[in-house]
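Residue numbers (this note's numbering): 15 to 196.
Here it is in structure tokens:
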């Protein structure tokens, strides 16, 4: 639409770079699984986590988490979101908020179900990123005057709130506390 504007070009290049960094982390994680199990399927991820020490499985999950956290817009991996929303047409901003960042959440949850590691520590890491994202998103949303930038920061805040639920549930799994899991 407005491909000749500097802000639009900057947002597009930023989004492209962040997407490629995300894919890099995810690709490295899948290659790591393939190197150890000779397979790329989800069952091989389960096999990987069962046959290697907890710290190795935790490291694998961190690669997946960073890859999907960039897609989801967790702080500090959110840098594409405040630029992409104002520079894109309104219907694309809606798709970004409603679909694209939720794909990152789905990936985080999907890998959480496959990788068996210390869920208490993992939940704490997710909780820390989520609380920071939620607070950061609200603090910057308050001072915005552009409606699309406001939407971007509220998307970061909403991802933080969703992540808080995921983090608390993961801690609940690690502690065998059914109240936190619910």
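All residues carry an ideal CB built from backbone N, CA and C; glycine is no exception.
Per the C-alpha coordinates, the member of 24, 66, 193 and 158 positioned closest to residue 93 is 24. Counting along the chain, the unbroken alpha helix (DSSP H) around residue 118 starts and ends at 115-128.
Pairwise C-beta distances place the stretch 68-79 out of contact with the stretch 153-162, as fewer than three of them are shorter than 8 Å.
The Cβ neighbour count for residue 166, taken over all protein chains shown within 10 Å, is at least 16; the residue is labelled buried. Taking a C-beta distance under 9 Å as the contact criterion, residue 82 and residue 125 qualify as a contact pair. Nearest in C-alpha terms to residue 181, of all of 164, 154, 168 and 148, is 148. Note on residue 64: under 16 other CB atoms within 10 angstroms of its CB, so exposed under the neighbour-count rule. With a cut-off of 8 Å on Cβ pairs, the stretch 29-37 is in contact with the stretch 94-114, counting three or more such pairs.
Going by beta carbons, residue 183 and residue 137 fall inside the 9 Å limit.
With a cutoff of 9 Å on beta-carbon distance, residue 69 and residue 39 are scored as not near each other. In the three-state scheme derived from DSSP, where H, G and I count as helix and E and B as strand, residue 46 is classed as helix. Of the candidates 151, 155, 164 and 185, the residue whose Cα lies closest to the Cα of residue 170 is 151. Annotation for residue 21: 101 place their beta carbon closer than 6 Å to its own, counting only its chain and skipping 5 residues before and after.
With fewer than three CB-CB distances shorter than 8 Å, the stretch 39-58 does not count as touching the stretch 110-118.
A distance below 9 Å separates the beta carbons of residue 79 and residue 140.
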